[in-house]
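Numbering (the numbering used here), first residue to last: 671 to 801.
Built from N, CA and C at the ideal position, the CB exists for glycine as well.
Predicted model only: the values in this text are computed from it and were never measured.
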Amino acid sequence: MFSHVMVGTNDIARSKRFYDAVLKVLGAGDAFENTNKTGQRRLFYRYEGSSFCVSEPIDGLPANAGNGSTIGFKCSSLEQVRQFHDVAVANGGTSIEEPPGPRAGPAGVLDLAYVRDPDGNKLCAMHRPKA
């Protein structure tokens, strides 16, 4: 459904350190770095046909996290959910909500972990166990 997701950052070097470590857990390689024609630096992570992008805001205003927004990353196991969380926290992220683990909800049991990146963007690591 999605071709890419992009978040803003106020510190591209800090974001690169964070996302290089966190997205490596999911199998993504290092970012392709780009500077657009108006000077904003951007990072593009590509994996299995999808892209996750980080950019300095093109309008020149400070980046901020969207209140109510969450970006979900698909994980292959509960262990990968926990690793995503732990690597995120070790690289400047903040653990939020409940500790990583199984949670019952309307869609059944999901393995979940929630963190905020260094710019405050809310990320979710999710694994859907087979019934």
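If you look at Ala691, you'll find it in the alpha helix (DSSP H) that goes Ile682 to Val695. Looking only at Gln710, Met671, Leu693 and Phe672, the smallest Cα-Cα distance to Asp756 is reached by Leu693. With fewer than 16 other CB atoms across the displayed protein chains lying within 10 angstroms of its CB, Ser746 is exposed. The Cβ-Cβ distance between Asp681 and Asp690 does not fall below 8 angstroms. Excluding its 5 nearest sequence neighbours in each direction, Pro788 has C-beta neighbours in its own chain below 6 angstroms: Arg684, Phe688 and Gly762, listed in chain order. Partner residues in the beta bridge of Phe702, as assigned by DSSP, are Phe714. Bridge pairing for Ala735: absent [DSSP]. Looking at Met676, Thr679 and Pro799, the one whose alpha-carbon comes closest to that of Glu749 is Pro799.
When the alpha-carbon of Ile766 is set against those of Asn734, Gly778, Met676 and Val785, the nearest one is in Val785.
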